[in-house]
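Notes for the one structure printed next.
In this note's numbering, the protein residues as written are 27 to 250.
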């Protein structure tokens, strides 16, 4: 049974799109199917595998009956040594095909299960209006994401610019602009998360983030 926390990140507008996609990617990656729905990817789900046919004794050449009818399958013990050898080779090949089928069938079922769970994620986090416009069952799931981004009017450059400004403001004036240590810390953490989501240059290296946190902390006690 899914917990409510799995669907906590809702897609409501352009500003929530990046956080929503990150939550979607994390879930799909855990299920091993992100490569199947990644908007930048091209991989397709597996087709349902076909079980190989069990070899028949009639696949071998036997002498037709006197009236020209097709021969009946012989008993194994009546076969010649060469016929038995050929049949055994077919059986060995069948076992290889059967083994590969079992592997493919397992992967197919895992993909189906994963895609079903991701569909459930869409149903719980995307409004019915946007689902109707962007999430047609006949379309690939990666196209759903592309259409949602387009419909929401997501401007990546603008959102990145806003995240950068919010991050800089928190680092430089965070505690002064807020009341209370815990409140300021929460806002700083949120600014860092948003900056990372939008790949702002200020947070590309961990040491740069640490330096900024120290600068932020100096607003509390300049001797730090």
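In this text, a Cβ means the ideal position worked out from N, Cα and C, and glycines have one as well.
Boundaries of the alpha helix (DSSP H) in which residue 78 is found, first to last residue: Annotation: residue 78 is outside any alpha helix (DSSP H) and is labelled neither H nor E by DSSP.
Residue interval of the alpha helix (DSSP H) (run including residue 140): Secondary structure note for residue 140: its alpha helix (DSSP H) is the uninterrupted segment 107-151.
When we look at the beta-carbon of residue 69 and count the other beta-carbons within 10 Å, is it buried (16 or more) or exposed? By the neighbour-count rule (16 or more Cβ atoms within 10 Å), residue 69 is not buried but exposed.
Hey, how far is the Cα of residue 67 from the Cα of residue 103? Approximately 55 Å, taken between the alpha carbons.
Going by the CB atoms, is the gap between residue 141 and residue 81 shorter than 8 Å? No, the pair does not count as a contact, with Cβ atoms beyond the cut-off.
If you drop the 5 nearest sequence neighbours on each side, which residues of the same chain put their C-beta closer than 8 Å to that of residue 204? Summary for residue 204: the model assigns pLDDT 49, below 50, so the residue's position carries little reliability; its value from the coordinates is reported in the next sentence. Excluding positions up to five away in sequence, the list reads 210 and 213.
Can you tell me where the alpha helix (DSSP H) with residue 59 in it begins and where it stops? Note, residue 59: premise wrong, no alpha helix (DSSP H); not H, not E.
Buried or exposed (CB count within 10 angstroms, at least 16 for buried), residue 238: Counting other Cβ atoms within 10 Å of its Cβ, residue 238 reaches 16 or more and is therefore classed as buried.
Taking the alpha-carbon positions, what's the residue 169 to residue 243 distance? Roughly 44 Å separates the two Cα atoms.
Out of 217, 231 and 132, which has the shortest C-alpha to C-alpha gap to residue 195? Cα-wise, what sits closest to residue 195 is 217.
CB contact flag (residue 137, residue 235, <8 Å): Result no, Cβ atoms of residue 137 and residue 235 do not sit closer than 8 Å.
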